[in-house]
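Data first, discussion second: the structure below is written as structure tokens.
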Amino acid sequence: MPQLELAKLVGVSRQTIYYLERGSYNPSLTISFKISEILKKSIHDIFYQEPVIKDILEGKSLVELREIAEIAGINLEKLASLSEIDDEQLTKNFKEDQLIKIALGLGIDFKDLFEKEAEN
9 MPQLELAKLV
19 GVSRQTIYYL
29 ERGSYNPSLT
39 ISFKISEILK
49 KSIHDIFYQE
59 PVIKDILEGK
69 SLVELREIAE
79 IAGINLEKLA
89 SLSEIDDEQL
99 TKNFKEDQLI
109 KIALGLGIDF
119 KDLFEKEAEN
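Residues in the sequence shown are numbered consecutively from 9, following my numbering.
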């Protein structure tokens, strides 16, 4: 859903939605519940997502890690550091095309790079 459309439905500015997405604004409970209802997702799924990189890298052999780093176009040290940073730092430190390559190296879709599916 576009930022402007969500903003209108929630009753806030588009900039507020932008800052929410970047993680630089903490919404009130009222806004959180409105967004949850509109997107039909739990508040936890919307606001408490964790990067999946750490989970994917755990248990990989050195050979596998080197292959992932090569596909992603980054060195092994940089790959290892990815598991220690959050979503906001990840998006600030890497351009979209780099993130797409990282997702490819990890064997996941780009859209899944930042979120875990809700556990049932």
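Yeah, the Cβ is synthetic: ideal placement off N, Cα and C, and Gly gets one too. Predicted, not measured: the structure shown is a model, and the values here were computed from it.
Counting along the chain, residue 27 sits inside the alpha helix (DSSP H) bounded by residues 22 to 30. Taking the Cβ atoms as the reference, residue 112 lies roughly 6 angstroms from residue 79, within the contact range of under 8 angstroms.
Judged by DSSP in its simplified three-state form, residue 19 adopts coil rather than helix or strand. Between the C-alpha atoms of residue 69 and residue 85 there is a straight-line separation of about 14 angstroms. Secondary structure within the region 49 to 89: the alpha helix (DSSP H) runs of 4 or more consecutive residues, fully enclosed, are 51 to 55, 61 to 65 and 70 to 80 (chain order). Boundaries of the alpha helix (DSSP H) around residue 113: 104 to 114. Annotated as proximal: residue 114 and residue 61, with beta-carbon spacing under 9 angstroms. Where residue 42 is concerned, the enclosing alpha helix (DSSP H) starts and stops at 37 to 47.
9 angstroms or more divides the Cβ of residue 37 from the Cβ of residue 9.
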